[in-house]
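Heads up: the structure comes next, in structure tokens.
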Amino acid sequence: MFCWPLPFSLSPCFDRRDFSEAGNSPCPGSSPREKRGEVVDVLSIQGMSKNFGGVSAVSDFSMIQKEREITGIIGPNGAGKTTVFNLVTGVYPLDSGRIFFYGKEITGWPCHRITALGITRTFQNIRLFRNLNVLDNLRVAYGVKTRYTLWEEMIRYPRVTRQEREAEALAKEYLRYLGLEGYSQAFPYNLPYGLQRRLELARALMAHPRLLLLDEPGAGLNPREIRELMETLLKIQEEKRISMIIVEHHMELVMNICKTIHVLNFGKKIAEGTPEEIQRNQQVLQAYLGDQI
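Using the working numbering, the letters of the sequence shown correspond one by one to residues 7 to 299.
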């Protein structure tokens, strides 16, 4: 299931309450708690569980994401990592548990409301609009922040054209920010794989996220591209003040940029700690290497 809004000319008229709730939520940098230097809980997951046909995909998973930190979720294939993202973003309903975003409960919310509130994601398998050029792929993502109805768009109400200009300006800014400015009129399928990954990241940033969920952003990248990705994510964390949770198999990436790492195995969390603690954890080594240790 894909949660990005449609292009401007096809944008449905969402309930305005969905967006007013997001607009009234405290943004990074504006919270009184943040100004006092206190650490804020961005995301709190409490006892999350999900079964598929009697098979437990995620079992009693809990975690807290702190503001402006990068957190990793690792584990063998089939451990339930992507399912956690799907539950947080409303793709699947929880069987049990609760989810809070900046203290506001979002359990059971649909995808578009969660995105409007400030949670966006990328995917393990790149999901770009193949028939839209690079610039329009970014403009589409801005649709989640628009404030006009379908009727206003049909009659070309002044704020419609104003917001479309804002979307194009922001899209060009992110193309420059991520080194894609020379590809604005190209189509995604003509880009090298590494640039497609970068484009997907740029599109996620277009929605003004406060929490960015990255599902295997290093998949398919060569060592040079992995290093560039690490530098880019640290730059985004520092300059854009965005919190991030990363699901990843590439251990160099996770161990170098994550402050806290959660380890899943068969849907259950078996470890949590700093990169150094995780590397020494015998349960983690057993899960990855089995009888080889």
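Glycine included, every Cβ here is placed at the ideal spot set by N, Cα and C.
Would you decide whether Ala175 is buried or exposed? Buried here means 16 or more other CB atoms lie within 10 Å of its CB. Walking along the sequence shown from the start, residue 175 turns up at place 169. Residue environment analysis places Ala175 among the exposed positions, since fewer than 16 neighbouring C-beta atoms fall within 10 angstroms of its C-beta.
Under 8 Å between the Cβ atoms of Ile276 and Leu240? On the sequence shown, position 270 is the one that residue 276 refers to. On the sequence shown, position 234 is the one that residue 240 refers to. Taking 8 Å as the cut-off, the Cβ atoms of Ile276 and Leu240 do not count as close.
Quick check: the Cα distance between Pro164 and Glu158, rounded to an integer number of angstroms? Looking up residue 164 in the sequence shown gives position 158. Looking up residue 158 in the sequence shown gives position 152. Rounded to the nearest angstrom, the two C-alpha atoms are 9 Å apart.
Report the rounded CA-to-CA distance for Pro38 versus Val48, giving the unit in angstroms. Stepping through the sequence shown from its first residue, residue 38 is reached at position 32. Stepping through the sequence shown from its first residue, residue 48 is reached at position 42. In this predicted model, Pro38 has a pLDDT of only 40, less than 50, meaning its place in the structure is not dependable; the value taken from the coordinates is given anyway. Answer to the nearest angstrom: the Cα atoms are 14 Å apart.
Just reading off the alpha helix (DSSP H) that Arg165 is part of, what are its end residues? Against the sequence shown, residue 165 aligns to sequence position 159. Residues 164-183.
Run of the alpha helix (DSSP H) containing Lys87, from where it starts to where it stops: As a first step, residue 87 must be located in the sequence shown, where it is residue number 81. Where Lys87 is concerned, the enclosing alpha helix (DSSP H) stretches over 87-94.
Which residue's Cα is closest to the Cα of Leu144: Ser190, Gly224, Ile105? The residue given as residue 144 occupies position 138 in the sequence shown. Minimum Cα-Cα distance from Leu144 among the listed residues Ser190, Gly224, Ile105 corresponds to Ser190.
Considering only their Cβ atoms, is the gap separating Leu220 from Met250 smaller than 8 Å? Numbered from 1 along the sequence shown, position 244 holds the residue referred to as residue 250. Numbered from 1 along the sequence shown, position 214 holds the residue referred to as residue 220. Using a Cβ distance threshold of 8 Å, Met250 and Leu220 count as a contacting pair.
On the DSSP letters alone, give me the boundaries of the beta strand (DSSP E) that Ala63 sits inside. In the sequence shown, the residue the question calls residue 63 occupies position 57. Unbroken beta strand (DSSP E) run through Ala63: 61-72.
Looking only at its chain, what residues have a beta carbon closer than 8 Å to the beta carbon of Arg204, apart from the 5 residues adjacent to it on each side? Numbered from 1 along the sequence shown, position 198 holds the residue referred to as residue 204. Counting only Cβ-Cβ distances below 8 Å, and skipping sequence neighbours, we find Leu184, Gly185, Leu186, Thr238.
Counting pairs of Cβ atoms below 8 Å between the stretch 111-120 and the stretch 59-66, do you hit three or more? No, the stretch 111-120 does not touch the stretch 59-66.
Where does Pro275 fall in DSSP's three states? Mapped onto the sequence shown, residue 275 falls at position 269. A small correction: the amino acid at residue 275 is Lys; Pro does not occupy that position in the sequence shown. In the structure shown, Lys275 falls within a strand segment according to DSSP collapsed to helix, strand and coil.
Bridge partners for Leu270 per DSSP, in chain order? Counting from 1 along the sequence shown, the entry for residue 270 is found at position 264. Beta-bridge pairing links Leu270 to Lys275.
Bridge partners for Met250 per DSSP, in chain order? Numbered from 1 along the sequence shown, position 244 holds the residue referred to as residue 250. Ile76, Leu218, per the DSSP bridge assignment.
Of the residues Asn287, Glu283, Thr128, the one placed nearest Leu218, counting alpha carbons only: What you label residue 218 is simply residue 212 of the sequence shown in a count that begins at 1. Proximity to Leu218 across Asn287, Glu283, Thr128 peaks at Thr128, based on C-alpha coordinates.
Burial state of Gly273 (16 or more Cβ within 10 Å): The count along the sequence shown starts at 1 and reaches residue 273 at position 267. Label assigned to Gly273: buried.
Distance, Ala177 Cα to Gln285 Cα: Here residue 285 refers to the residue found at position 279 of the sequence shown. Here residue 177 refers to the residue found at position 171 of the sequence shown. Those two C-alpha atoms are separated by around 39 Å.
Can you round the beta-carbon distance between Glu206 and Ile132 to whole angstroms, since I take them to be within the 8 Å contact cut? Taking the sequence shown and counting its residues from 1, one reaches residue 206 at position 200. Taking the sequence shown and counting its residues from 1, one reaches residue 132 at position 126. Right, the Cβ-Cβ distance comes to about 6 Å (below 8 Å), so this counts as a contact.
Close-in-space but distant-in-sequence residues of the same chain around Glu148 (CB under 6 Å, 5 per side omitted): Taking the first residue of the sequence shown as position 1, residue 148 is located at position 142. For clarity, residue 148 is Tyr in the given sequence; the question names Glu instead. Counting only Cβ-Cβ distances below 6 Å, and skipping sequence neighbours, we find Ala173, Met212.
Host beta strand (DSSP E) of Ser52 (start-end): Counting from one through the sequence shown, the residue named residue 52 turns up at place 46. Before going further, note that residue 52 is Gln rather than Ser in the sequence given. Per DSSP, Gln52 belongs to the beta strand (DSSP E) from 47-58.
Where does Asn92 land, buried or exposed, given buried means 16+ other C-beta within 10 angstroms? Residue mapping note: residue 92 aligns to position 86 of the sequence shown, counting from 1. By the neighbour-count rule (16 or more Cβ atoms within 10 Å), Asn92 is buried.
Am I right that Ile76 and Lys87 are in contact with their C-beta atoms under 8 Å? What's the rounded C-beta distance? As a position in the sequence shown, residue 76 is number 70, starting the count at 1. As a position in the sequence shown, residue 87 is number 81, starting the count at 1. About 15 Å; that fails the 8 Å criterion.
Alpha helix (DSSP H) containing Ser230: first to last residue? Translated into positions along the sequence shown, residue 230 becomes position 224. First, the residue type needs correcting, since residue 230 is Arg and not Ser in the sequence shown. Secondary structure note for Arg230: its alpha helix (DSSP H) is the uninterrupted segment 229-245.
When DSSP builds the beta bridges, which residues end up paired with Glu111? Within the sequence shown, the letter at position 105 stands for residue 111. Partner(s): Phe106.
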